[in-house]
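Here the sequence shown is numbered in this note's numbering, starting from 1107 and rising by one per residue.
Even for Gly, the Cβ is constructed at its ideal location relative to N, Cα and C.
Every value quoted in this text rests on a predicted model; they were computed, and no experiment measured them.
One structure below.
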Amino acid sequence: MGQYRDIQTRILDVENELTERMLPYAHLVDELDKIPGIDKILAMGIIAEATTDMSSFPDERKFAAWAGVASGNNESAGKKKRSKCRHGNPH
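Have a look at this one:
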C-alpha cells in the first residue's frame, strides 16, 4: 500500500509541475481542452511537442495530422475509405 501511495504522490507532483510550467500557455491549454477527446494533460503534451514555432505547419489540418488526431484518407480504385487516427509521437 505504501508503494501505491508513493506512486500517486509522484504522479501528483509531476502534474503540478506540468501545470506550473504551462501557466504561460494556459489560454492555449483551455482552448485545446474544449475539443472533444482532448483533456488538459493531452493539451499540455500537444503544446510541449509543438514548440512555439508553428511556421512549419501551413494550416490546421497539417498540424492535426502531425499531432495524430486527424483521421487519414485511404483511396484505392476510386473508393475512399477513412482510416484511424495514429497514436502520435511514440517517444
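Same chain only: Cβ atoms within 7 Å of residue i, ignoring 5 sequence neighbours per side
| i | result |
| --- | --- |
| Lys-1146 | Val-1135, Asp-1139 |
| Asp-1119 | none |
Contact belief for residue i with residue j at Cβ below 8 Å, rounded distance in angstroms
| i | j | result |
| --- | --- | --- |
| Met-1128 | Ile-1153 | 7 Å |
Cβ pair residue i, residue j closer than 9 Å
| i | j | result |
| --- | --- | --- |
| Met-1150 | Leu-1124 | yes |
| Glu-1155 | Ala-1173 | yes |
Proximity to residue i [Cα-Cα], best of the options
| i | options | result |
| --- | --- | --- |
| Leu-1148 | Glu-1121, Ile-1113, Arg-1116, Asp-1112 | Glu-1121 |
Status (buried if at least 16 other CB within 10 Å, exposed otherwise) for residue i
| i | result |
| --- | --- |
| Ala-1132 | exposed |
Chain-order list of residues whose beta-carbon lies under 6 Å from that of residue i (same chain, five-residue window excluded)
| i | result |
| --- | --- |
| Pro-1130 | none |
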